[in-house]
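Protein chains in written order, with the numbering used here: chain A, 4 to 268; chain B, 1361 to 1628.
Please read the structure below before turning to the comments.
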């Protein structure tokens, strides 16, 4: 028996119709993901409130040195959306894979890009709300001293959220259970957290670690935040930073799409 | 054992139409195991074909191959005139997996609305709504439409899964054990629904490991260990084996196959 895929001699095996992104299927998927979340108000509350609570905590931990709060607070505004979106997406897509709904969707006329864009859109919306709350709180109530525009902070936060969604989607392909999916957080996020320059400037690390941090996307997320913190205008470094974060998010989303298979064993 | 009316209504299949499914030398491999071993069979259009056999005999793999979600399938497999898995088939086949595949954190109606919009986003909203109401009625869940799927009983959830497959009136319905865990009244009602769907001209392939459901099918494919033991009408099967029930006919065929294998073994 040959191992070529099932083919036919009678039917004309015409090429598959070109599958581009279908806007209505993407928005329907995003609306469905948000509707699922709406039935789970506790998750929404945790998603939106925990970053705010952590910022308040941080503000009073560094009560005596407001400058430290500026640096760490701005960095965290970029890191929170990445971590929460990573967690939420990896669990949500893992559920989609294990409940059989992914198989059902892929047996229907849904493009992989539609599904991924739908998830990115839904969690991106959530990330905007989360970042707006956290940024607003930090800038207006906790006295975070930002030289640049808070809108740029929000932009970086949004791109970070997208990167988190992309990473979560990608690792969910390698997790067989929710236990495993949660364990991917320390594996994927913690090293980036240690190396991103949050604890000590990257230039002061061991050269090997500094080189590694140069290829990790979170480093650029934190760099971007710090650029906004210290400069009034959009600097070239800032543009480079957000381009790298956005590029990484797109790359990982594409890798994530490759892990969605219509045919499985 | 349930008391079903023993004879299904006369088979409405149109012999002029080509078969809904045609397989030749169909083989499927899962890991180290060959799950389907060079199957040759056809599924006629407009009829209910029952796929029967013990658990683990390859029924689900066969169904997944037809739907186009099974990897490592070789041989020839035509579905509605196209190679299995062809993108144009995705709107023409309704597929229900053994475990209900619906979103537990959405209501029944929200589930159906979503899958309906994936199936045909260009259809006017009133038409899609009407379609949702129709399938809700067909699986008898109209009164529960706004309950969360996760709060339903097992049987109700599997009917939600069935309702999703009925959206958009597909030409071929592939149903993997759709009546498992349902009470006798519901099972009878669902079989009435299946016959009504077949009467509209659709083809149904329904798997079961409960042999008494076989009597309700127009044709049967009896499977065992990745092979097809028989492909016939229930009546012809009973007559050929001189048995009273399809279950007895199945056992007869299994014994016969085992005896044949033994003679081959000793002849070698």
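Even glycine gets a Cβ: it sits at the ideal position worked out from N, Cα and C.
Residue 1588(B) at chain A interface by Cβ criterion, 8 Å: no
Could you check where the alpha helix (DSSP H) with residue 106(A) kicks off and where it finishes? 104-110
What does the alpha-carbon distance come out to for the pair residue 122(A) and residue 1481(B)? 18 Å
At the level of alpha carbons, what is the spacing between residue 133(A) and residue 158(A)? 12 Å
Residue 1501(B) and residue 1519(B) closer than 8 Å at C-beta: yes
With a floor of 3 residues, list each beta strand (DSSP E) that falls wholly inside the region 1387-1464 of chain B, ordered by position along the chain. 1393-1403, 1408-1412, 1433-1439 and 1453-1456
Taking one C-beta from the region 1380-1396 of chain B and one from the region 1426-1434 of chain B each time, how about it: are there three or more such pairs within less than 8 Å? yes
Residue 39(A) burial status per 10 Å Cβ neighbour count (16 or more: buried): buried
Going straight from the alpha carbon of residue 154(A) to that of residue 234(A), what length do you get? 13 Å
Under a three-way DSSP split, which group does residue 19(A) fall into? Low confidence applies to residue 19(A): its pLDDT is 41, below 50, so where it sits in the model is not reliable enough to give any reading.
What in chain B is Cβ-close to residue 171(A), meaning under 9 Å? Correct list: empty, because the minimum Cβ distance to chain B is about 18 Å.
What whole-angstrom Cβ distance do residue 1417(B) and residue 1583(B) have, given they're in contact under 8 Å? 5 Å
Please tell me whether residue 146(A) has its Cβ less than 8 Å away from any Cβ of chain B. no
Give a yes or no on whether 8 Å exceeds the smallest Cβ distance from residue 107(A) to chain B. yes
How far does the alpha helix (DSSP H) with residue 1573(B) in it reach, from first residue to last? Unbroken run through residue 1573(B): none, as it is neither H nor E.
Comparing C-alpha positions only, which one of 1453(B), 1414(B), 1379(B) and 1408(B) sits nearest to residue 1400(B)? 1379(B)
Within chain B, the residues that residue 267(A) reaches when beta carbons sit closer than 8 Å: 1429, 1430 and 1431
Can you look up residue 1385(B) in the DSSP assignment and give me helix, strand or coil? strand
According to DSSP, simplified to helix, strand and coil, what is residue 272(A)? For chain A, the structure presents residues 4 to 268; residue 272(A) sits outside this window and is missing.
Helix, strand or coil at residue 1536(B) according to DSSP, with G and I counted as helix: strand
According to DSSP, is residue 1518(B) part of a helix, a strand, or is it coil? helix
Using a cut-off of 7 Å between C-beta atoms, extract the partners of residue 1515(B) located in chain A. The premise fails here: residue 1515(B) is roughly 17 Å from chain A at the closest Cβ pair, so nothing lies under 7 Å.
With 16 other CB atoms within 10 Å as the buried threshold, where does residue 150(A) fall? exposed
Residue 244(A) beta carbon less than 8 Å from that of residue 227(A): yes
At the 8 Å Cβ level, is residue 1472(B) part of the contact set with chain A, yes or no? no
Use the C-beta contact count for residue 1511(B): other C-beta atoms within 10 angstroms, 16 or more gives buried, fewer gives exposed. exposed
Nearest-angstrom Cα distance between residue 214(A) and residue 204(A)? 13 Å
Give me the residue from 110(A), 105(A) and 96(A) with the minimum Cα distance to residue 125(A). 96(A)
Drop a sphere of 10 angstroms on the beta-carbon of residue 106(A), count the other beta-carbons inside from all chains shown, and report buried for 16 or more, exposed for fewer. buried
What's the C-alpha gap between residue 173(A) and residue 115(A)? 13 Å
Would a C-beta distance cut-off of 8 Å place residue 1629(B) and residue 1606(B) closer than the cut-off? One cannot answer for residue 1629(B) here, as it falls past the ends of chain B, which runs 1361 to 1628.
In chain order, what residues of the same chain lie with their CB nearer than 6 Å to the CB of residue 1547(B), ignoring the 5 residues before and after it? 1539
Scan the region 74-92 of chain A for residues whose Cβ lies nearer than 7 Å to a Cβ of chain B and list them as they occur along the chain. none
Helix, strand or coil at residue 1565(B) according to DSSP, with G and I counted as helix: strand
At the 8 Å Cβ level, is residue 27(A) part of the contact set with chain B, yes or no? yes
Strictly below 8 Å CB to CB, what residues from chain A border residue 1457(B)? 103, 106 and 107
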